[in-house]
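Here is the structure we will look at.
Number of protein chains: 2
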Amino acid sequence: MGQDEDEVIGRRGSRPKGVARRQEILDRAIEVFRERGASGTSLRRIAEAIGVSHAALLHYFDSREQLLVAVYAQAEQNHENPPDLRPGIDTMIHAARRNVGIPGLVTLYSTLLAASLESEESVGRDFFSARFEVLRRTITESIRQQQEEGLVRDDVSAEHLSALLIAASDGLQIQWLLDPAVGLESTLQTLGTLLRPRA
Amino acid sequence: MGQDEDEVIGRRGSRPKGVARRQEILDRAIEVFRERGASGTSLRRIAEAIGVSHAALLHYFDSREQLLVAVYAQAEQNHENPPDLRPGIDTMIHAARRNVGIPGLVTLYSTLLAASLESEESVGRDFFSARFEVLRRTITESIRQQQEEGLVRDDVSAEHLSALLIAASDGLQIQWLLDPAVGLESTLQTLGTLLRPRA
DNA sequence: GTCTATACTTTGATAGAC
DNA sequence: GTCTATCAAAGTATAGAC
């Protein structure tokens, strides 16, 4: 953490280039996505909603994809206050509870993630690859601990459980976006039940 | 089944309009995706690979999205031979084992699904909404049966398990596409372990 | 450093010729 | 039934004003 953050969010080099203004644009972009969702988010429309020209956006971000990834990364970082929970099913449920209030950003996440699959080399690809790697490692370690403490059943691989948690969250979000009747939180609670050791 | 199929795959009306030629194009498009994956799949590139003009494609399909949905729907239907398994974790594992051989089509599925989230009304949206609805209902019923037979633990909701199975499959596919080291089949096997009743 | 103006390229889509 | 021509919109890139 520290100087790597810049690249993840998309800054060009180590020299800050209009950091304040850039941050301003980023914050406004987040608002745009939070309100209007992810529909019709061309560079020109985003620029229009923010009140600048589309070329101005490209002055701070190398490409549309980079802007979008930066928007998501920033939004994620903004509410990154794990309330004393260890990474695992509880944090996923916590995130789900928050996400139901910001469907626009959830859509942004899902579409960006899928778009990153299309090209072997892209900003999004690197971002999400790294994100999943870190997430899986962190959750795996946390689950292994909880297994030792008897909080999670230990007859299954912690690595698999970690990947499963993430996959279930991502997949359920999509089902929920398509049909809000799908219980995002309650279904994850059920997954939590599956994880508990036999009493 | 029967006359509804037309709309799902994207045919305009009941009158067949060059059905044979259309099918030919569809089959070749599937090959294109199977080989070259989903990268750079503009209408013009697909047309070029098939050997026609992009306008010709739009003669048979109303839009690019409709063509892509038709390609996926056709590909899915082609290998729809459930080997005497009841819908549930086993069929998902079976599908996973098949999908690792056709990453291009898995990518097509993931990107199409995500793209359908962006607009409230689109061919993809309707297609995937219906697909998930049918899938969930079918699997839920099958799981409920298996619960009664003591094959699946019955202390959790069959509806939730159904949504979880689908979500886990979709989510794991994405993780696997980003990092082939993620064990698609083995992780689903672990989910299967979670579903078994306490011995 | 910040941004407007502008143009280049590709895209999905339409219209009309053959 | 399939093409060529054409369109509007999009992402991108550059030049240069301030």
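Note that the protein sequences, when read in sequence, are chains E and R. Offset between the first sequence (1-based) and the numbering used here: plus 143. Offset between the second sequence (1-based) and the numbering used here: plus 143. Just so you know, even glycine gets a beta-carbon here, dropped at the ideal spot from N, CA and C.
Secondary structure of residue i, DSSP reduced to three states
i      : result
E/V214 : helix
E/H222 : coil
R/T281 : helix
R/T330 : helix
E/I245 : coil
R/S300 : coil
E/G84  : Not covered by the structure: residue 84 of chain E. The range shown for chain E is 144 to 342.
E/D322 : coil
R/G335 : helix
E/E292 : coil
E/D356 : Coverage of chain E is limited to positions 144 through 342, which leaves residue 356 of chain E absent and any answer about it impossible.
E/S206 : coil
E/D93  : With chain E running from 144 to 342 in the structure shown, residue 93 of chain E is simply not present.
R/S196 : coil
R/S259 : coil
E/A342 : coil
R/E174 : helix
R/E191 : helix
E/E264 : coil
R/G161 : coil
Beta carbon proximity, residue i to chain E, threshold 7 Å
i      : result
R/D147 : Only weak support is given to the placement of R/D147: the predicted model assigns it a pLDDT of 41, under 50, and the value that follows is read from those uncertain coordinates. So no, R/D147 is outside the interface.
R/S182 : yes
R/T234 : no
R/S253 : yes
R/V295 : no
R/V175 : no
R/H303 : yes
Beta-carbon proximity of residue i to residue j, cut-off 7 Å
i      : j      : result
R/D297 : R/Q290 : yes
E/R306 : R/V249 : In the sequence on display, residue 306 of chain E carries Ala and not Arg. No, Cβ-Cβ distance for E/A306 and R/V249 is not below 7 Å.
E/T283 : E/E302 : yes
R/V212 : R/G161 : no
R/L315 : E/A239 : no
R/M235 : R/L331 : yes
E/A192 : E/V175 : yes
E/L338 : E/V295 : yes
R/A198 : R/G247 : no
E/R229 : E/S285 : yes
R/A190 : R/L200 : yes
R/A172 : E/A257 : no
E/F271 : E/S253 : no
R/T333 : E/V299 : yes
Proximity test, Cβ basis, 7 Å: residue i and chain R
i      : result
E/R341 : yes
E/V299 : yes
E/L248 : no
E/V325 : yes
E/L337 : yes
E/L186 : no
E/L334 : yes
E/E150 : Residue placement at E/E150 cannot be trusted, given a pLDDT of 48 that sits under 50; what the coordinates show is reported in the next sentence. For E/E150, the answer is no, since every Cβ of chain R falls outside 7 Å of its Cβ.
E/T330 : yes
Nearest candidate by alpha-carbon position, reference residue i, set the options
i      : options                           : result
E/L308 : R/S300, R/Q318 and R/I245         : R/Q318
E/E263 : R/E174, R/R179 and R/Q166         : R/R179
R/D233 : R/R341, R/P340, R/A342 and R/E328 : R/E328
R/H202 : R/G194, R/P226, R/R165 and R/Q220 : R/R165
E/I245 : E/E219, E/D227, E/G183 and E/T333 : E/E219
E/E292 : E/D322, E/P340, E/L334 and E/F275 : E/P340
E/A273 : R/L321, R/G231, R/H222 and R/Q209 : R/L321
R/S265 : R/R187, R/G194, R/S206 and R/E167 : R/S206
E/V243 : E/R177, E/A163, E/G335 and E/V195 : E/R177
E/L304 : R/G335, R/L255 and R/R279         : R/G335
E/E208 : E/E276, E/A342 and E/E261         : E/E261
R/E276 : E/P323, E/F275, E/L251 and E/L255 : E/P323
R/M167 : R/R241, R/L210 and R/A342         : For the record, residue 167 of chain R in the displayed sequence is Glu; it is not Met. The option with the nearest alpha carbon to R/E167 is R/L210.
Any non-hydrogen atom of the ligand SAM closer than 6 Å to residue i Cβ
i      : result
E/S262 : This structure simply doesn't include the ligand SAM, nor any ligand for that matter.
Contacting positions in the stretch 258-285 of chain E - beta carbon closer than 9 Å to chain R: Cβ contacts with chain R come from A258, S259, L260, E261, S262, E263, R268, F271, S272, F275, E276 and R279.
Near-chain E residues of the stretch 306-322 of chain R (beta-carbon distance less than 8 Å), N- to C-terminal order: For the stretch 306-322 of chain R, which is checked against every Cβ of chain E, the residues closer than 8 Å are A306, L307, I309, A310, A311, S312, D313, G314, L315, I317, Q318, L320, L321 and D322.
Within 9 Å of chain R by C-beta, residues of the stretch 201-220 of chain E in sequence order: Residues passing the 9 Å Cβ filter: none.
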